[in-house]
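Below is one structure; the comments refer to it alone.
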Amino acid sequence: MNKAGIEYTASFVVTLILGIVLLFVGMAFIGQIITGKDIIEKQITQKEQQLIEDVIVAEQAKIVILDSTRDSTISDREYFWIGIRNIEPKERNFSVTLSFDHAVALDSTYIQEADKNFINEHWLEGRDRVGPRSIPSQDISILGFSVFPHTRINDLQATIPGDYVFNVCTYLTDEGEPDCVAQSTSPSLYPTNDVRQVRLQLR
2 MNKAGIEYTA
12 SFVVTLILGI
22 VLLFVGMAFI
32 GQIITGKDII
42 EKQITQKEQQ
52 LIEDVIVAEQ
62 AKIVILDSTR
72 DSTISDREYF
82 WIGIRNIEPK
92 ERNFSVTLSF
102 DHAVALDSTY
112 IQEADKNFIN
122 EHWLEGRDRV
132 GPRSIPSQDI
142 SILGFSVFPH
152 TRINDLQATI
162 PGDYVFNVCT
172 YLTDEGEPDC
182 VAQSTSPSLY
192 PTNDVRQVRL
202 QLR
């Protein structure tokens, strides 16, 4: 093969590799857009935002979750909004983590089949952490999160009607993620020893 042919072949290979790389980058970008589509379309309304801010101011609260109990149906995503007021003397970063706590059947008995790891993975879909969000001192910021009631509560068991409860832990990001369980005493919790909960009522 002559020199010109070798140079042409090398140039073609480089162009082909670059084309493949750009194709994968483009596919990844489109995938992110599709994956985040439902989040982008579900923005907090001005009325909801004002309501959260009004409650925080009226109650001098640090944390407020709007409509923490919802009547829900399987495969119908529920969105929640949490308002955070930074009472620290300086700007701080805040994050929120979610974790399944327990489920109660319609007859008021615990649903023992509800597998925590399965529900955290399939109902929260990898969206169990929100933030960090930088909030100036004395300011209020609102973060959103969602729960997707799956068709199953473990690998084999179909979802049983009842109340499904999730822990919601707000914390100072730079102090480390807390153990997000009921009665948690993790020092990074904000407010201290304050684990909130949201409840999906599946009927």
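With this note's numbering as the guide, the letters of the sequence shown map in order to residues 2 to 204. Where is the CB? At the ideal position from N, CA and C, for every residue including glycine.
When the Cα atoms are used, what is the spatial distance from L107 to D164?
8 Å
Bridge-paired residues (DSSP) for V199
F167
Backbone secondary structure at L190 - three-state DSSP
strand
Please work out which residues of its chain come closer than 7 Å, Cβ to Cβ, to L125, disregarding the five sequence neighbours upstream and downstream, and give them in chain order.
L99 and V148
For V65, count neighbouring Cβ atoms within 10 angstroms of its own Cβ and tell me buried if that reaches 16, exposed if not.
buried
Beta-bridge partners of N94, as assigned by DSSP
S135
Can you tell me whether I88 is buried or exposed, with buried defined as 16 or more other CB within 10 angstroms of its CB?
exposed
Pairwise C-alpha distance: I83 and T186:
21 Å
Would DSSP call L107 helix, strand or coil?
coil
N- and C-terminal bounds of the alpha helix (DSSP H) containing V58
Q47 to E60
DSSP state of K38, grouped into three classes?
For K38, the pLDDT reaches just 35, beneath the cut-off of 50, and the residue's location in the model is therefore unreliable, leaving the point undetermined.
H103: which of P137, V56 and I161 sits nearest, CA to CA?
I161
Between T70 and the rest of its own chain, which residues show a CB-CB distance below 6 Å, the 5 nearest in sequence each way excluded?
R200
So, for I53: in the same chain, excluding its five sequence neighbours on each side, which residues have a beta-carbon less than 7 Å away from its beta-carbon?
V65, L67, W82, G84 and I143
My understanding is that A62 touches R86, with C-beta atoms under 8 Å, so please give their C-beta distance in whole angstroms.
7 Å
CA nearest to the CA of A183, picked from S189, C170 and K43
C170
The alpha helix (DSSP H) that contains E126, what's its start and end?
Per DSSP, E126 belongs to no alpha helix (DSSP H) and is neither H nor E.
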